[in-house]
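Using our numbering, the letters of the sequence shown correspond one by one to residues 1 to 42. By construction, the Cβ of each residue, glycine as well, lies at the ideal position given by its N, Cα and C atoms. All values reported here derive from a predicted model rather than from experimental measurement.
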Amino acid sequence: MKIPKIKTILYATDMGDHMRPVFLHAISLARCYDANIIMLHV
């Protein structure tokens with residue numbers, strides 16, 4: 001089975017300081033997969 005290409009990463013956040021490492025990881029993944037990030041404030 002072929003793994004689908006990741007095109008978009010949804011990053012849901014409450015904008016707290018504790019979310020910074022998660023955001024940096026999302027950026028890293030987006031760079032690896034040449035994907036876009038959509039940020040959703042919850």
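Just confirm the distance between the C-beta atoms of Lys7 and Asn36, as a whole number of angstroms; I'd bet it's less than 8 Å. One-based indexing of the sequence shown puts residue 7 at position 7. One-based indexing of the sequence shown puts residue 36 at position 36. The beta-carbon separation of Lys7 and Asn36, rounded to 7 Å, stays under the 8 Å limit for a contact.
Helix, strand or coil for Ala30, going by three-state DSSP, please let me know. Along the sequence shown, read from residue 1 onward, the residue named residue 30 stands at position 30. Helix.
DSSP beta-bridge partners for Leu40? As a working mapping, residue 40 is identified with position 40 in the sequence shown. Beta-bridge pairing by DSSP links Leu40 to Ala12.
Which same chain residues, not among the five before or five after Met39, have their C-beta less than 7 Å away from its C-beta? Here residue 39 refers to the residue found at position 39 when the sequence shown is read from its first residue. Taking C-beta separations shorter than 7 Å and ignoring five residues to either side along the sequence, the partners of Met39 in its chain run Tyr11, Thr13, following chain order.
Mapping DSSP to helix, strand and coil, what is Met1? In the sequence shown, residue 1 corresponds to position 1, counting from 1. Looking at Met1 - three-state DSSP - the assignment turns out to be coil, as it is neither helix nor strand.
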